[in-house]
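Numbering (the numbering used here), first residue to last: 11 to 192. Note that CB positions come from ideal geometry on N, CA and C, so glycine has one too. Here is the structure we will look at, set down as structure tokens.
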């Protein structure tokens with residue numbers, strides 16, 4: 011049970027122009043203007059980044075696992091599966107095996123970079139240098155932003171004990187496409 015009240019669904023559905031329901035939205039829309047920008051950024055991250063969608067999901071899941079954020083993990087395991095992130099990849103992330111053979115060299119650089127961000131709030135020099143060999147500057151900015159966004163969702167959902175929504179990965183992808191232009 012959430013430790014903060016949920017706003018009425020019609021408050022955010024009208025503002026977003028979507029019938030989607032979500033407990034995270036029910037919390038965020040206590041501050042409607044902030045929440046609307048937050049949702050738009052979420053939509054952009056799901057649809058208009060330079061970063062490959064599978065890499066994005068690795069970043070989000072890694073943040074979810076490392077930050078013990080059940081809500082983030084529940085939402086993105088389904089999305090990652092749709093995008094072709096294997097159970098072996100998810101298991102390696104969940105277990106902190108960032109050098110596992112399931113990952114390509116590029117993915118290893120990615121998950122080590124993200125781990126250093128989460129562990130220290132900034133990357134260590136070696137992790138950043140390795141990431142620079144595999145990712146463009148735009149992708150590097152997006153990786154840091156996606157990780158930070160996932161950490162924010164983790165903080166909100168953990169702080170307020172937001173109940174996990176029983177929603178499919180397909181529904182979440184569809185919703186993110188709807189809210190990109192909100």
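Annotated as distal: residue 54 and residue 164, with beta-carbon spacing of 9 Å or more. Here the alpha carbon of residue 114 sits roughly 15 Å from the alpha carbon of residue 66. Excluding residues up to 5 positions away in sequence, 66 and 152 lie with their Cβ nearer than 7 Å to the Cβ of residue 59 in the same chain.
Residue burial annotation: residue 111 is exposed, with fewer than 16 other C-beta atoms found within 10 angstroms of its C-beta.
One alpha carbon belongs to residue 116, the other to residue 81, and they sit about 27 Å apart.
In the three-state reduction of the DSSP assignment, residue 96 falls in the coil class, being assigned neither a helical nor a strand state. Excluding sequence positions up to five before and after residue 22, its CB lies within less than 6 Å of the CB of 35 and 39, all in the same chain and listed in chain order. Rounded to the nearest angstrom, the gap between the Cα atoms of residue 78 and residue 48 is 21 Å. With a cutoff of 9 Å on beta-carbon distance, residue 89 and residue 157 are scored as not near each other. Judged by their CB atoms, residue 33 and residue 173 are nearer to each other than the 9 Å cut-off. Taking C-beta separations shorter than 7 Å and ignoring five residues to either side along the sequence, the partners of residue 175 in its chain run 32 and 33, following chain order.
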